[in-house]
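Structure first, then comments.
There are 2 protein chains.
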Amino acid sequence: MKFVLDAMGGDNAPNAAIKGALLALNITDDVEIILIGNEDAIKNEFVGTIPSRISIHHVTQNIDMHDSGAKVIKAKPDSAIVKGIRLVKDGLADGFISAGHTGAVMTAATLLLGRIPYVKRPALTAYIPSENGGKVICDVGANPDAKPEHLLQFAIMASHYLEYVEKQKHPKIGLINIGEESSKGNELYKKANQLLSAELPNFYGNVEGRHLLDSEANVLICDGFVGNTILKFGEGWMNIFYNSIKKGISESLRYKIGGFLIKPIFNNIKKKYDFEEHGGTPLLGVNGIAIVCHGASGPKSFLNSILLAKKSIDNKLIDYTKRELAAHLEVFK
Amino acid sequence: MKFVLDAMGGDNAPNAAIKGALLALNITDDVEIILIGNEDAIKNEFVGTIPSRISIHHVTQNIDMHDSGAKVIKAKPDSAIVKGIRLVKDGLADGFISAGHTGAVMTAATLLLGRIPYVKRPALTAYIPSENGGKVICDVGANPDAKPEHLLQFAIMASHYLEYVEKQKHPKIGLINIGEESSKGNELYKKANQLLSAELPNFYGNVEGRHLLDSEANVLICDGFVGNTILKFGEGWMNIFYNSIKKGISESLRYKIGGFLIKPIFNNIKKKYDFEEHGGTPLLGVNGIAIVCHGASGPKSFLNSILLAKKSIDNKLIDYTKRELAAHLEVFK
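If you're matching them up, the sequences are chains A and B in order. Here our numbering is used: the first residue of the first sequence is 1, the next is one more, and so on. Here our numbering is used: the first residue of the second sequence is 1, the next is one more, and so on.
Have a look at this one:
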């Protein structure tokens with residue numbers, strides 16, 4: 001299998017992507033990597049010779065966070081994201097992986113690769129660590145305006161991704177809401193509750209904000225506005241919290257000693273709740289493999305994302321998504 | 001001034017409310033308290049004689065979390081919440097304070113006290129602690145479906161509450177959104193951004209989830225679905241996080257010693273980020289003083305809520321809310 005890795009995307013580019021690619025080659029013989037980006041910048045990162053399973057595809061344009069995701073195909077046709085996804089479209093690679101501009105990946109993948117049959121709206125999923133195995137939350141930003149049928153599609157796509165690719169058996173689907181009773185919420189969520197409840201045997205019910213991390217639901221469904229806000233709020237708070245503790249510890253010898261003694265506990269928790277450790281998630285609903293990674297991704301995240309791309313193909317994510325959506329065809333017509 | 005305190009509301013009833021009332025009497029000579037609830041249950045909490053500035057108003061019905069807030073006036077007319085708010089309506093008290101069923105307080109206050117002129121929808125506000133003084137977030141659940149004009153009203157009411165009652169000078173108003181650019185968000189938030197930007201000189205702009213706690217905005221505006229979800233998610237995560245640390249510390253002697261040494265840091269952070277420490281917030285837009293407290297409120301929260309009720313009257317919250325809304329009358333027509 002051959003994957004295109006956006007070497008220019010993310011906070012740690014191009015070093016993190018390249019290191020991630022090298023780690024992946026050590027773990028599996030089955031993978032070749034095309035590093036896409038500025039050739040000189042990429043070559044500079046290699047100390048010795050470049051392994052034969054890695055090739056470099058040079059592009060001339062750079063996408064930054066000020067670019068409009070929606071306009072990137074026309075504005076930056078020779079960028080890592082647009083060119084990289086084109087390689088997948090043209091059958092020259094099996095999947096695309098990027099920690100770059102999420103909106104650009106989303107738009108380019110949707111327009112160039114198209115949607116899986118029956119999909120109305122591709123969706124972004126994020127992995128959330130939790131005490132008892134990970135959860136996914138979907139959508140986290142692709143669809144700030146959504147309809148009940150879209151939420152049903154997100155639920156089907158995300159739960160079968162967990163089941164077929166991440167091998168979580170019988171994942172339970174929760175609908176994020178402001179109360180547990182099915183009558184709670186706004187119009188969108190009241191209708192979505194009815195629809196999910198009617199269509200999905202593994203629908204767990206509504207999950208309130210306070211139980212997002214500890215309810216039994218493994219898949220948390222919401223519109224992209226709510227999902228994006230929650231996800232970013234969680235990250236922001238985590239940072240503030242850690243910084244407060246760090247600052248406190250630096251303030252006296254007693255605290256410094258105490259901090260040293262319990263450091264392993266913090267490292268453990270930090271590792272467990274680190275969004276970045278897990279790697280990316282596939283863009284759901286797009287007719288091709290496109291993995292979106294967190295902007296702060298390090299080598300391990302890229303490694304895991306490459307392995308995820310491989311697992312997505314090995315486990316026929318796209319075929320199964322199509323089949324599972326087809327089972328609810330009368331709703332989506 | 002005379003305030004009705006719901007003795008039956010919250011996780012620590014009736015003890016916490018009674019202790020809070022006693023603390024308030026020690027701090028200010030200006031306040032009398034009517035404890036409303038089951039007379040026996042209330043009297044049982046007093047060790048000595050009941051101070052002359054405290055009276056007890058007996059009611060026969062109890063509201064629990066399974067009651068529908070919307071139906072409570074008819075279903076439980078002799079409950080602490082309905083009767084207590086009626087005392088305010090009838091001019092027998094100057095304000096009502098409860099840590100009980102928020103939906104019931106919301107409905108009873110709106111229907112019995114009415115709305116301040118020009119108010120379309122009363123709103124719930126929550127105080128969020130942050131590094132540089134507190135912030136308020138509004139709405140946190142009263143309006144899961146909202147329109148741009150409602151968000152404008154929330155912004156006006158919440159910012160002037162901070163300014164007139166909490167004495168924060170020139171609070172800045174942020175609109176919660178999924179991107180900083182004014183073009184970001186869903187239809188509701190795009191329109192709200194335009195409206196707030198046109199009407200409010202102290203509009204700061206959009207605030208993303210990751211910066212809710214550390215942006216310069218002191219007032220965070222959103223619909224009740226988003227606000228409620230964020231607020232509860234924050235609380236839920238805080239609990240999980242603390243429990244993970246506690247569990248880690250209990251696991252070895254080394255960690256126990258470390259934990260003991262840095263305990264003051266945690267207590268400090270916990271205190272700073274404790275939603276409960278601050279006490280309640282006034283229901284905004286209702287034509288009377290009704291303070292909603294967190295369900296987990298302890299004596300200090302009740303004390304602060306009583307003082308807040310007093311400050312709200314001293315600083316003419318209702319008159320100013322009316323005046324400030326009137327300045328944007330053409331939008332609300």
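Ideal Cβ positions, reconstructed from N, Cα and C, are used throughout, including at glycine. Small disclaimer: the values here were computed from a predicted structure and weren't measured.
{"query": "Rounded to the nearest angstrom, what separates Pro-144 of chain B and Lys-120 of chain B at their Cα positions?", "result": "14 Å"}
{"query": "Are any of the Cβ atoms in chain A nearer than 9 Å to that of His-278 of chain B?", "result": "no"}
{"query": "Among all the DSSP beta bridges, which residues are the ones paired with Cys-138 of chain B?", "result": "B:Thr-125, B:Ile-221"}
{"query": "Is Glu-324 of chain B closer than 9 Å to Met-106 of chain B when the C-beta atoms are compared?", "result": "no"}
{"query": "Please name the residue in B:Asp-30, B:Ile-56, B:Asp-29 whose C-alpha comes closest to that of Ile-18 of chain B.", "result": "B:Ile-56"}
{"query": "Within 9 Å (strictly less), CB to CB, does Asp-223 of chain A reach chain B?", "result": "yes"}
{"query": "Rounded C-beta distance between Ile-27 of chain B and Asp-6 of chain B? I'm assuming under 8 Å.", "result": "Rounded, the Cβ-Cβ distance is 20 Å, inconsistent with contact."}
{"query": "By the three-class DSSP mapping on this structure, what secondary structure does Leu-212 of chain B have?", "result": "coil"}
{"query": "Closest to Asp-29 of chain A by C-alpha separation, out of A:Asn-38, A:Gly-48, A:Met-1, would be which residue?", "result": "A:Met-1"}
{"query": "Could you check whether Gly-288 of chain B and Leu-113 of chain B sit closer than 9 Å to each other, using their CB atoms as the reference points?", "result": "yes"}
{"query": "Enumerate in chain order the residues of its own chain whose CB-to-CB distance from Ile-257 of chain A is below 7 Å, with the five nearest sequence positions on each side excluded.", "result": "none"}
{"query": "Quick check on Glu-149 of chain A - is its C-beta less than 9 Å from some C-beta in chain B?", "result": "no"}
{"query": "Measure the beta-carbon distance from Leu-253 of chain A to Tyr-255 of chain B and round it to whole angstroms, keeping in mind my assumption that it falls under 8 Å.", "result": "Contact doesn't hold; Cβ gap of about 19 Å is too wide."}
{"query": "Under 9 Å between the Cβ atoms of Lys-172 of chain B and Ala-217 of chain B?", "result": "yes"}
{"query": "Pick out the complete beta strand (DSSP E) segments inside the stretch 159–190 of chain B, 3 residues or longer, and give them in chain order.", "result": "173–176"}
{"query": "Just the chain A side, please: which residues come within less than 8 Å of Asp-214 of chain B by C-beta, in chain order?", "result": "Gly-236, Ile-240"}
{"query": "What is the residue span of the alpha helix (DSSP H) that Ala-290 of chain B lies within?", "result": "Here Ala-290 of chain B belongs to no alpha helix (DSSP H); instead the beta strand (DSSP E) covers 289–292."}
{"query": "Decide if the stretch 169–183 of chain B is in contact with the stretch 193–208 of chain A; the criterion is three or more beta carbon pairs, one per stretch, under 8 Å apart.", "result": "no"}
{"query": "Going by Cα to Cα distance, which pick from A:Pro-299, A:Ala-109, A:Asn-62 is closest to Ala-70 of chain A?", "result": "A:Ala-109"}
{"query": "Quick check on Tyr-352 of chain A - is its C-beta less than 9 Å from some C-beta in chain B?", "result": "Nothing about residue 352 of chain A can be reported from this structure: the residues present for chain A run from 1 to 333 only."}
{"query": "For the stretch 267–298 of chain A, which residues have a CB atom closer than 7 Å to at least one CB atom of chain B, in sequence order?", "result": "Asn-268, Ile-269"}
{"query": "Measuring straight from C-alpha to C-alpha, what distance separates His-150 of chain B and Ile-230 of chain B?", "result": "19 Å"}
{"query": "Rounded C-beta distance between Asp-94 of chain A and Phe-3 of chain A? I'm assuming under 8 Å.", "result": "6 Å"}
{"query": "DSSP three-state label for His-58 of chain A, please.", "result": "strand"}
{"query": "Compare the beta carbon distance of Gly-236 of chain B and Asp-11 of chain B with 9 Å and say whether it is the shorter of the two.", "result": "no"}
{"query": "Report all residues from its chain with a CB closer than 8 Å to the CB of Leu-87 of chain A; omit the five preceding and five following residues, and keep chain order.", "result": "Val-4, Ile-34, Ile-36, His-57, Ala-93, Phe-96"}
{"query": "For Lys-2 of chain B, list the residues DSSP reports as bridge partners.", "result": "B:Glu-32"}
{"query": "Please compile the residues from chain B whose C-beta is within a distance smaller than 9 Å of the C-beta of Pro-51 of chain A.", "result": "Ordered by position in chain B, no residue passes the 9 Å Cβ test against Pro-51 of chain A, which lies about 37 Å from the chain."}
{"query": "In whole angstroms, give me the CA-to-CA distance for Pro-14 of chain B and Ser-297 of chain B.", "result": "11 Å"}
{"query": "Just to check my reading of the structure: Val-136 of chain A and Val-219 of chain A have Cβ atoms closer than 8 Å, yes? What is that Cβ distance to the nearest angstrom?", "result": "6 Å"}
{"query": "Just tell me which of A:Gly-100, A:Asp-223, A:Phe-233 has its CA closest to the CA of Glu-187 of chain B.", "result": "A:Asp-223"}
{"query": "For Leu-141 of chain A and Ala-104 of chain A, I'd like the C-alpha separation in whole angstroms.", "result": "The amino acid at residue 141 of chain A is misidentified as Leu; the sequence shows Gly. Rounded to the nearest angstrom, the two C-alpha atoms are 12 Å apart."}
{"query": "Leaving out the 5 sequence neighbours to the left and right, which residues in its chain are closer than 6 Å to Ser-197 of chain B when beta-carbon positions are compared?", "result": "Phe-203"}
{"query": "Name, in chain order, the residues that DSSP records as bridge partners for Arg-115 of chain A.", "result": "A:Val-286"}
{"query": "Where does Ser-68 of chain A fall in DSSP's three states?", "result": "coil"}
{"query": "Roughly how many angstroms lie between the CA atoms of Lys-335 of chain B and Pro-117 of chain A, to the nearest whole one?", "result": "Past the edges of chain B, shown from 1 to 333, lies residue 335 of chain B, and the structure says nothing about it."}
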